[in-house]
Amino acid sequence: MSGAPVGTDIHLTLLMVSSARVSLTFKPEDTVLSVKETLLRSWPKDFDAKPAGPGNLRIVYLGHFLEDGDTLAESKLQPGNTTVHLTIKASAAPEKTAKKDIDKAPKCTCTIL
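Numbering (the numbering used here), first residue to last: 1339 to 1451.
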């Protein structure tokens, strides 16, 4: 444990859907985004595949998604031990074919009477 006064740090346990978990320690003034960035830098081997960036991670606390720009204190996380859920957003779906590309596709022009 660091030399910080006891009781001021937030000891987060991040729990995945797969039941894998990791514990990290943060200050109340750290942002949710900095938590995600720290987690990505030290991504545990027993977790699912590492996401591309912090935008693909969502942290859930008491049923609410935490916003990246908020501090842990603003998100109402109290000093001490806290468990939050961590989800990984699916990769973006491939873009749909543009309408102009569909117009160039071969078509049947048969008319049935």
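The beta carbon of each residue, even a glycine, is placed where N, CA and C say it ideally should be.
The three-state secondary structure of residue 1361, taken from DSSP, is strand.
For residue 1376, the uninterrupted alpha helix (DSSP H) segment begins and ends at 1370–1379. At a Cβ-Cβ threshold of 8 Å, residue 1392 and residue 1347 do not count as neighbours. For residue 1420, the uninterrupted beta strand (DSSP E) run begins and ends at 1418–1426, by DSSP.
Setting aside the 5 residues that flank it on each side, residue 1376 is surrounded in the same chain by 1362, each with a C-beta closer than 7 Å to its C-beta; the list follows chain order.
When DSSP reads this structure, residue 1398 sits in a beta bridge with 1403 and 1423. Comparing alpha carbon positions, the residue from 1389, 1407 and 1369 closest to residue 1425 is 1389. Scanning 1397, 1371, 1358 and 1364 for the CA closest to the CA of residue 1383 turns up 1358.
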